[in-house]
Structure formats: C-alpha cells, structure tokens
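K.L.:
Questions regarding the structure given below will be posed in turn.
There are 2 protein chains.
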Amino acid sequence: MARAKIQDVARLAGVSLSTVSAVLNNKNVVREATRLRVLEAIERLHYRPDHYARNLARRSLRVIGVIVSNLQNPFFAETAQVIENEAERLGYAVSLAVTNFSPQRLRAAVQQMLGARISGLAIMTSERDEMAFDMAAQSGVRCVYLDVGKPGPASTNIRVDLRGGMMAAVKHLIDIGHRDLLFVRNAPIQSGPLLLSHRYRDQGFAAAVKACGIPNLQTHIIDVPGLGAPAGEEAISRALGRFPFTAVIAVSDIVALGVYLGLQQRGVRIPQEVSVVGFDNTNFSRFLNPPLTTVDIPRDKLSRLVIEALTLPISSRVPRSVRLGTHLVVRASTASPARRS
Amino acid sequence: MARAKIQDVARLAGVSLSTVSAVLNNKNVVREATRLRVLEAIERLHYRPDHYARNLARRSLRVIGVIVSNLQNPFFAETAQVIENEAERLGYAVSLAVTNFSPQRLRAAVQQMLGARISGLAIMTSERDEMAFDMAAQSGVRCVYLDVGKPGPASTNIRVDLRGGMMAAVKHLIDIGHRDLLFVRNAPIQSGPLLLSHRYRDQGFAAAVKACGIPNLQTHIIDVPGLGAPAGEEAISRALGRFPFTAVIAVSDIVALGVYLGLQQRGVRIPQEVSVVGFDNTNFSRFLNPPLTTVDIPRDKLSRLVIEALTLPISSRVPRSVRLGTHLVVRASTASPARRS
DNA sequence: CTGAAAGCGCTTACAG
DNA sequence: CTGAAAGCGCTTACAG
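Just so you know, the protein sequences line up as chains A and B, in that order. Residue numbers for the first sequence follow our numbering, beginning at 2 and rising by one. Residue numbers for the second sequence follow our numbering, beginning at 2 and rising by one.
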C-alpha cells in the first residue's frame, strides 16, 4: 500500500487540498467540524506529510544545524543537548551531525546542512577544515564557531576563554605550593595537527607559567595520541619515574579520568601525592573520587549565545565575536604538595 | 543574492540540466572534460543541491532514523554514535532525535521521521508511547525497538537480557557473601510510569533473589525521582542509617556514580564496607575509583543487530525478536563483606 | 552526451 | 471556506 498523500486525505474528508493544508499548518481558518473531519481522515489513512515536499514548498524553515566532533565526550553531548532544548523552545528544529574528528566528515556535514537550507549553523568541533569553513562563510548562512572558524559578516566566533581558564588552573597549583607541573595533552586524530582548542589551552599554560614568574618552576608536557581516557592513562605510565611532578593538568576531564586511573593503579594518592586538574567540568567530574578540580565552561550560557546569534532577525548585524568566561572549580583533587621529608 | 540552482550551473557550464544532475550523482556517463567544467561552475556559484528537492524527486533515500532518550547518559550517546558509524559505512545517512524522556517528544520525533521517508527506524528510548509505536508499526517502515515497543510484521524487538544481567549481579554478590542488598532505582520523569527497561531489571532482581533461595537474605528497594547521578546520591542519603546493607545495586552506571559520591562523602569505603554494582558498562565505569563492577550491554553487537534488521532486503522477513546477551564485568567495587566484629 | 518534459507532494496566493 | 493553478528545485526516463 502506497503512502497516502494530501489528495487522498482531501478526498476522504470531502474537502479541498487547501483545507487539509490549512489544518496541517494550524491555520485558524477552518471550521471546527471540518477540522475534525480532516483529522479523522488523516488518522484513518495514517497520513504523514512528506517532509521533503513540505520543505521544498515552504519559504522559511526554522532549522538549526549543529555539528559536534564526538558524542562520547560528555562535553559535546551536553552542549548538543542543551542547544537542542533551547532551540526547541523557540520553535526551531535541530539537525545534529557528528564528525568523529574527521575533517572530511565535517565538510560533508556542512554541505549537507547547507543543502538543507538551515537558517543557522553551529560548528562545535575541535577539528577544523578550511574548505568546510569557506563553504559555510560563502553560503551567507549564520554561523557560530567554537573558537575555531572563519570571520565573516554572518559569522560569530565564540571565544571561550580557555587561556584564562588554564591560567587560573596553573595559578591555583602554584599558589598552593606546586613547583613541578605535568601537562597532559592528547591528539584525537593520529596524523592531524594539534586541535586549535588544545592550542589555546597550551598558550594559557605557557602564559600562566610565564606570568607567575616563579624561578624554580619545572614544567613537563606530555603528548599522547588517541581519544580520551586511555590517553591519560598512557601519559601517566610514560611520565611516572621519568621526571618528578606533584601536579597534573589534563587537557580535558576525559583525559583526567585516565590520569586518575593511571595514578591510582600505581598506588599514587590524589591529592596527597599528586594533585590533578581537569578541563571542561563535565557532569561526571564532581562524582569522581576525589571530586575533580576542573575548569568550567558554562554550557547553559554557551548554548544561549549560540541560539541568540543564530536566531537574530535577518536585518541585524551579528556580533563578530563574543567572549565566554571560564572559571576554575576547586574540588578535592588538588592540595598542597607533601613536604619533602 | 539568491541561492544558485541547478539551472544556473547548467547555464554557466554550457551544458544541460541532465548533465549537471549526472555529475552530482556520480554517474559515469559524463566525459571528464565536461565533468570538470560542471564542477568548476558549481564551485564558482557555491551551488549546493537543495536537500528537499532532491529527496522529493528521488525514489529511495537510504536514511535511518535513530531516536534516543538522552545524550547525557553515555549509554545512549555511545549507542547512537556506534549506530551512526556503522550506518555510514553502509552508505546510509542517520537522522538523530532526542526525546529527553518525553513521550510527547517521542511521538513528534516518530511523526517527523516517518514524514522523512526513512527506510528504517531505531527507537532506543527508555520511555514508551503507545501512539508513537502505533504510528511506527502502521507505517510499514522497518523498526527496531530496544526492549519496549510493538510487535509487528516489520518490527524487530531487541531483547536485551537485562534480567539475566541483573541475576548475574545479584548472584555475584550473594556468592561472595552479601546478605543485605540495596537496590537503587530512579525514575527520570516525575509523573511517568516506571520505565520498561527498569522493570526488566526489577524482575531480574526479584527473580535472582528468589532463585538463590537464601533464607536470611534481606533486600531493600529505594526509588528516587530524577535523572542520573544526583538520584543515586539522594538514595544513599535516604538509605544510610535507616536500614543495613552491605551491597548496592544501581539501576544504571550513572546512578552508581551518585551512589559512589553518597557513600564516599559519608566516609563509607567501597568495597570494604559496601560493595557497589552498576548497570550498562558505560565508558567511564572502569575509570572510577574503585573501578565499577557492572553489567555490560555490548554496544557494538547491539548496533550491528540494529543495522542488520533495518537494512535487510525489502523482500525478506525481519526477525520478530533477537536476543542480546549481557554479562557481568567484575571489577574492584565488589568484595566480600567485612565480618561483623 | 543533450534537451524538453513529466513528476515528486506539498504550500500559497487568488478568484470565487 | 473552496478549487484550480503555479511553483518549490530537483531526478529520471525518453527521444534524439
């Protein structure tokens, strides 16, 4: 049995196409009795308006595209969900794509979204792709980028203060007496360049180290390929014994998770022997043992900024750049280093 | 400047519509020189084929719909991502919707997906909605349900052996000597009925308790409204002191996270004083301190079953029901209870 | 390979 | 409210 179309509904209900269409689109021009007759016909025929025909015929779509790198990292999952909820409230549908950190998939997702005539596009990825950004910028569609991306008349860059967050983390550790810091980073894609978001964290680390001007400060940076937690574990297994450190800063909470396991498996107590700081304040961080000190990137504010920029009236100029503050959430994973005995 | 259409490309390249269309769809009938000319025109005009016009004109779409309850719970996020990767490999696009545990949103998502002429629909939610299931079943579209859902000629129910998993968990605890068990459940929606997935876990718990036939076994069940980890924390704060228990089974890993915090904040050591078992084997569970004993629901196998059922040739009969085994992963969060002194 | 044409299933003025 | 008609931007036979 073929799908019912609007004609079938009109015939069964004994009304015109226009009337069925009016009912479907909740226009208040149809008498109640007629409306009910149409609804009944829809019900009996299991009619569902064809999405493509509908959107092809419509003028404006009220769809927002959201592209994230990965759903396994709670930071992306939370961000996507909060944006989705916010958009829904304003009557926008959300189309979500996942790139798995692949620039090719990012490009394909942007193309697909532009073809879907989205009214706004949020690119919330860690990876970047020039072609994808060019396509987005040239389309004239409103875009929001997360720290990466292309300036343009229709695009807003949300500059998350990653440097400031990282500086706060370093400063906190120095303040409580640490002098040997280990910075653990990971590269989610084997061959790719360092993610820009990681680079900002790097810069913050370097800047903080410099700004503090502590003469006897020792810092080590360890880079591990791979995704998330396992990379953190690997980093610890490589660092322990090779050089001394009393505190670890992980480039993300997910990596911090691996750092925890790496330390605890080897009997190193947190924070008595080694302090740990994460980055992102993902939802699990306060449930770790000990609860993780981490840099918060406020998701609710982020999603509001995204939605605001993407749903601005057509005529208005979009802000080129907005700044999103971050702040350190101090929990029990950091403490003064044990005195050398 | 209006969006370019296929006509504009044809004109600029000096070819016919059909030729541009052939290039867009990678048909091997266009001379290389012509193809390049078309691609250049596309480039210059920033042309992106309209998604809706395209799909309206096409016969088959190769799109799979996936509906999940929530992205904050890693179980759903991981499942969605694995299905997406698998589908992509087979040349299917994936449309993802999130319900936030709302039956209304589930219904809307199903309607929307049916209107999008998906070739298959995976409903991977905890909540259920009769109307949504009816609509899906009557549409004739291939459906896969996760434990909930409606039998029908085109639908496959993946029966995750939650009961078996729960029995294994209970049996493990009893085997190592526990006699006072606390079962912590949560209801993500305030008013809604108990989730079916939770009900199976309940049944498993009851069945295991019965099957073990231990005379002096004490069990307590505590129900907490709310989502995820905070519910687990709340449960512990209510249970501690009110009744004795040496082991906790949490209805999900996320809830177990809250149980950990609840116990550890009150100085109760895991597993020395209280053992904890989770459910789902989400990616963070092995990184907890101590690593969490939990019931594994194999995501890769699950996604393969989903994709298989949804991409079966049109003519073939779909299996009504397939079974997905679960197994207990024993880690350091469970141990024999301390002897009463 | 090309070109003209039909058709996909809706929405939207517009005249009644 | 109704009905006939145009149009959304593609794909797909089909005759050349």
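Don't be surprised by glycine CBs; every beta carbon is placed ideally from N, CA and C. Since we're looking at a predicted model, the values are computed, not measured.
Between residue 152 of chain B and the rest of its own chain, which residues show a CB-CB distance below 7 angstroms, the 5 nearest in sequence each way excluded?
P.N.:
To locate residue 152 of chain B, count along the second sequence from 1; it is residue 151. Correct list, in chain order: 158 and 321.
K.L.:
Just to make sure I have the definition right: I need the residues of chain A whose C-beta is within less than 7 angstroms of the C-beta of residue 219 of chain B. Which are they?
P.N.:
Translated into the one-based positions of the second sequence, residue 219 of chain B becomes position 218. Those within 7 angstroms of residue 219 of chain B in chain A number zero; the least Cβ separation is about 27 angstroms.
K.L.:
Which same chain residues, not among the five before or five after residue 121 of chain A, have their C-beta less than 6 angstroms away from its C-beta?
P.N.:
As a first step, residue 121 of chain A must be located in the first sequence, where it is residue number 120. Closer than 6 angstroms at Cβ, skipping near neighbours: 65, 143 and 311.
K.L.:
Roughly how far, in whole angstroms, is the beta-carbon of residue 251 of chain B from the beta-carbon of residue 280 of chain B, given that I think they are within contact range, below 8 angstroms?
P.N.:
Here residue 251 of chain B is taken as the residue at index 250 of the second sequence, counted from 1. Here residue 280 of chain B is taken as the residue at index 279 of the second sequence, counted from 1. Their Cβ separation, rounded to whole angstroms, is 6 angstroms, which keeps residue 251 of chain B and residue 280 of chain B in contact under 8 angstroms.
K.L.:
Find the nearest neighbour of residue 319 of chain A within the set A/94, A/329, A/88 and A/308, judged by alpha-carbon distance.
P.N.:
Here residue 319 of chain A refers to the residue found at position 318 of the first sequence. Answer by Cα proximity: A/308.
K.L.:
Inspect the beta-carbon positions of residue 264 of chain A and residue 255 of chain A and report whether they are closer than 8 angstroms.
P.N.:
Taking the first residue of the first sequence as position 1, residue 264 of chain A is located at position 263. Taking the first residue of the first sequence as position 1, residue 255 of chain A is located at position 254. Not a contact, by the Cβ cut-off of 8 angstroms.
K.L.:
Just to confirm my understanding: we take residue 324 of chain B, look at its own chain, exclude 5 residues before and 5 after, and list those with CB closer than 6 angstroms. What are they?
P.N.:
As a working note, residue 324 of chain B is residue 323 in the second sequence. Result list for residue 324 of chain B: 160, in chain order.
K.L.:
Between residue 60 of chain A and residue 232 of chain B, what straight-line distance do the alpha-carbon atoms span, to the nearest angstrom?
P.N.:
Indexing the first sequence from 1 puts residue 60 of chain A at position 59. Indexing the second sequence from 1 puts residue 232 of chain B at position 231. Taking the straight line from one Cα to the other gives about 45 angstroms.
K.L.:
DSSP puts residue 250 of chain A in a beta bridge; with which residues?
P.N.:
Position 249 of the first sequence holds residue 250 of chain A. The partner list for residue 250 of chain A (beta bridge, DSSP) reads A/184 and A/278.
K.L.:
Within 8 angstroms, do at least three Cβ pairs link the stretch 35–51 of chain A to the stretch 4–14 of chain A?
P.N.:
Judged by Cβ distances under 8 angstroms, the stretch 4–14 of chain A makes contact with the stretch 35–51 of chain A, as three or more pairs qualify.
K.L.:
From B/253, B/105, B/292 and B/87, pick the residue whose C-alpha is nearest to that of residue 75 of chain B; which is it?
P.N.:
If you number the second sequence from 1, residue 75 of chain B lands on position 74. The shortest C-alpha separation from residue 75 of chain B is found at B/253.
K.L.:
With a 10 Å radius around its C-beta and 16 neighbouring C-beta atoms as the bar for buried, classify residue 342 of chain A as buried or exposed.
P.N.:
The sequence position of residue 342 of chain A within the first sequence is 341, counting from 1. No answer about residue 342 of chain A holds up, because its pLDDT of 38 lies below 50 and its placement is not dependable.
K.L.:
Go through the stretch 154–238 of chain B residue by residue and report every complete run of the beta strand (DSSP E) that reaches 3 residues or more, in order.
P.N.:
Within the stretch 154–238 of chain B, the complete beta strand (DSSP E) runs of at least 3 residues are 156–161, 181–188 and 219–226.
K.L.:
Could you check how far apart the C-beta atoms of residue 360 of chain B and residue 326 of chain B are, in whole angstroms? I think they sit under 8 angstroms.
P.N.:
With chain B covering only 2 through 342, there is no way to say anything about residue 360 of chain B.
K.L.:
Tell me the start and end of each unbroken alpha helix (DSSP H) in the stretch 106–154 of chain B that is at least 4 residues and wholly inside, in chain order.
P.N.:
The qualifying runs are 131–140.
K.L.:
Among the residues of its own chain, which have a CB less than 8 angstroms from the CB of residue 291 of chain B, if the five just before and after it don't count?
P.N.:
Sequence index remark: in the second sequence, residue 291 of chain B carries index 290 (1-based). The residues are 271, 272, 332, 333 and 334.
K.L.:
Mind pulling the chain B residues with CB within less than 7 angstroms of residue 56 of chain A?
P.N.:
Residue mapping note: residue 56 of chain A aligns to position 55 of the first sequence, counting from 1. Going along chain B in sequence order, the residues near residue 56 of chain A (Cβ under 7 angstroms) are 53.
K.L.:
Using a 10 Å radius around the Cβ and a threshold of 16 neighbouring Cβ atoms, would you call residue 1 of chain A buried or exposed?
P.N.:
Residue 1 of chain A is absent from the model: chain A starts at 2 and stops at 342.
K.L.:
At a Cβ threshold of 8 angstroms, is residue 279 of chain A touching chain B?
P.N.:
Here residue 279 of chain A is taken as the residue at index 278 of the first sequence, counted from 1. With 8 angstroms as the cut-off, residue 279 of chain A does not count as an interface residue toward chain B.
K.L.:
Run down chain A in chain order and give the residues with a C-beta less than 7 angstroms from the C-beta of residue 72 of chain B.
P.N.:
Mapped onto the second sequence, residue 72 of chain B falls at position 71. Those within 7 angstroms of residue 72 of chain B in chain A are 72, 78, 81 and 82.
K.L.:
Identify the continuous alpha helix (DSSP H) that holds residue 80 of chain A and give its terminal residues.
P.N.:
Start at 1 with the first residue of the first sequence, and residue 80 of chain A comes out as number 79. That run of the alpha helix (DSSP H) goes 75–90.
K.L.:
Any residues in the stretch 127–160 of chain B with a beta carbon nearer than 8 angstroms to a beta carbon of chain A? Which ones, in chain order?
P.N.:
Here the close residues are 136, 139, 140 and 141.
K.L.:
Would you say residue 110 of chain B lies against chain A (beta-carbon separation less than 8 angstroms)?
P.N.:
Taking the first residue of the second sequence as position 1, residue 110 of chain B is located at position 109. No, residue 110 of chain B lies away from the interface with chain A (no Cβ there is under 8 angstroms from its Cβ).
K.L.:
Label residue 30 of chain B either buried or exposed according to how many other C-beta atoms from any shown protein chain fall within 10 Å of its C-beta, with 16 as the threshold for buried.
P.N.:
In the second sequence, residue 30 of chain B corresponds to position 29, counting from 1. Label assigned to residue 30 of chain B: exposed.
K.L.:
Identify, in the order they occur along the chain, each residue of the same chain with its Cβ nearer than 6 angstroms to the Cβ of residue 136 of chain A, setting aside the five sequence neighbours on each side.
P.N.:
Within the first sequence, the letter at position 135 stands for residue 136 of chain A. Correct list, in chain order: 111.
K.L.:
Does the beta-carbon distance from residue 296 of chain B to residue 277 of chain B come in below 8 angstroms?
P.N.:
Stepping through the second sequence from its first residue, residue 296 of chain B is reached at position 295. Stepping through the second sequence from its first residue, residue 277 of chain B is reached at position 276. The answer is no: Cβ separation not under 8 angstroms.
K.L.:
Is residue 284 of chain B near the ligand MN, in the sense that its beta carbon is under 7 angstroms from a heavy atom of that ligand?
P.N.:
By its list of ligands, the structure shown contains no ligand whatsoever, and the ligand MN lies outside what it can speak to.
K.L.:
Can you round the beta-carbon distance between residue 212 of chain B and residue 167 of chain B to whole angstroms, since I take them to be within the 8 angstroms contact cut?
P.N.:
Indexing the second sequence from 1 puts residue 212 of chain B at position 211. Indexing the second sequence from 1 puts residue 167 of chain B at position 166. Contact flag wrong, Cβ pair sits at about 11 angstroms.
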